[in-house]
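Asks: Taking our numbering, the leading residue of the sequence shown gets 1105, the next gets one more, and so forth. All C-beta atoms in this analysis are idealised placements derived from N, C-alpha and C, irrespective of residue type, glycine included. Would you mind keeping the following structure in view while I ask a few things?
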Amino acid sequence: MAQHPLPRPWSDVDASNDPAHLVDTLRRRAGSSFHSGYKQRLRELLRAWPGQRFLDVGAGTGETVLALAAESGAQAVAADLSLTMAGAMRADGVRGPVVADAHHLPFRKGSFDGAWADLVLQHVADPARVVDEMLRVVRPGGRVVLAAIDYGTQVLDIGTPDLARRILRLRVDPGVRGGALAHHHPGMLAERGLREVAVEAHALVVRDPRTVDHVLGIRDWARTAADQGHITSAEATDFTAHFDHAAATGRFTYAVTFFLTSATRS
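Written as structure tokens, this is what we have:
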């Protein structure tokens, strides 16, 4: 069975099959208690106060930019590679979003008091280059915060453990460019000489599979993997049947860990 590359829509939103769906996905995420909670903690780790200037690298729909400015009085600049996301930000009230490649940020050295990247490094071609660019534009003493899902920590109980592990494993690297990168973020910042490097683990535990469908697309992932030749059509059908049965009987459990890594630029 010939294998074809699995789709990575978040690596290039504008080139994906349905950019508007990705915008809608981010807006749904922002409304969940888990996502609003870890984003609140992300903003706390930036230690922002009035008069400061911060950069959101890969800002998506920009809700964190708006929240940081409202809560702290600091200025927050949104940058994203996607024209679609920039349009969504403007529609939601973000002023002057910058369309830019995170590997080549169009800002002067030391022009921000801090920067963050939320679920971004796992999708870029060169995470180390993006981190270096973030550090270049943050002044000495400024804060850097990285948030990411570590797909290597996924667990799923739908009554077919071997098949579930195979499906989840396909999301680690084939499906997400840096699917298991999150737990390396502290080391990346430490080796660049940052101080006060700290990491927090936030576990997302889901019993309602509709949440997983909306946020992570687990149920449909098996069919996508079959379409690209990574599993058979029969295996995808079996996975979906077990998924739906687990949901109907209350057995369903899914969990994955988000890592929040923060540090201060020396």
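1) Which same chain residues end up closer than 8 Å to ALA1124 when comparing Cβ atoms and leaving out the 5 residues on each side of it in sequence?
2) Run through the DSSP bridge pairs and tell me what SER1366 is partnered with.
3) Name the two residues that bound the continuous beta strand (DSSP E) containing TRP1114.
4) The alpha helix (DSSP H) that contains PHE1347, what's its start and end?
5) Suppose only complete runs of 4+ residues qualify. What are the alpha helix (DSSP H) ranges in the stretch 1163–1244, listed by chain order?
6) For TYR1142, write down the residues that DSSP places opposite it in a beta bridge.
7) How far does the alpha helix (DSSP H) with ASP1331 in it reach, from first residue to last?
8) Under 8 Å, do THR1365 and LEU1293 count as touching if we go by C-beta distance?
9) Pick helix, strand or coil for LEU1274, following the three-state DSSP scheme.
10) My assumption, with CB atoms under 8 Å, is that MET1193 sits in contact with ALA1163. Please give the rounded CB distance.
11) Taking 6 Å as the limit between beta carbons, can you name the residues of its chain near PHE1347, skipping five residues before and five after?
12) Apply the 10 Å Cβ neighbour rule to ALA1268 and answer buried if 16 or more other Cβ atoms are within range, or exposed otherwise.
13) Name the DSSP bridge partner or partners of TYR1358?
14) Put ARG1296 into one of helix, strand or coil per three-state DSSP.
15) Judging by CA-CA distance, which residue of ALA1352, LEU1223, ALA1134, GLU1167 is the nearest neighbour of ILE1253?
16) Decide yes or no for the touch test of the stretch 1177–1184 against the stretch 1144–1161: beta carbon pairs closer than 8 Å, at least 3 of them.
Replies: Straight from the coordinates:
1) So the list reads THR1188, once near-sequence residues are dropped.
2) DSSP output for SER1366 lists VAL1249, ALA1302 as bridge partner(s).
3) For TRP1114, no beta strand (DSSP E) encloses it, and the DSSP letter there is neither H nor E.
4) 1337–1353 is the extent of the alpha helix (DSSP H) around PHE1347.
5) Runs of the alpha helix (DSSP H) lying entirely within the stretch 1163–1244, each at least 4 residues long, are 1167–1176, 1187–1195, 1231–1241 in chain order.
6) In DSSP, TYR1142 forms no bridge with anything.
7) Unbroken alpha helix (DSSP H) run through ASP1331: 1322–1331.
8) Taking 8 Å as the Cβ cut-off, THR1365 and LEU1293 qualify as a contacting pair.
9) Correct three-state label for LEU1274: coil.
10) Yes, they are in contact, since the Cβ atoms of MET1193 and ALA1163 sit about 7 Å apart, within 8 Å.
11) The residues are ILE1262, ARG1323.
12) Result: buried.
13) Answer is LEU1260, VAL1310, bridged to TYR1358.
14) ARG1296 sits in coil when the DSSP states are folded into three classes, being neither helix nor strand.
15) Distances from the CA of ILE1253 to each of ALA1352, LEU1223, ALA1134, GLU1167 were compared; the closest alpha carbon is that of LEU1223.
16) The stretch 1177–1184 is in contact with the stretch 1144–1161.
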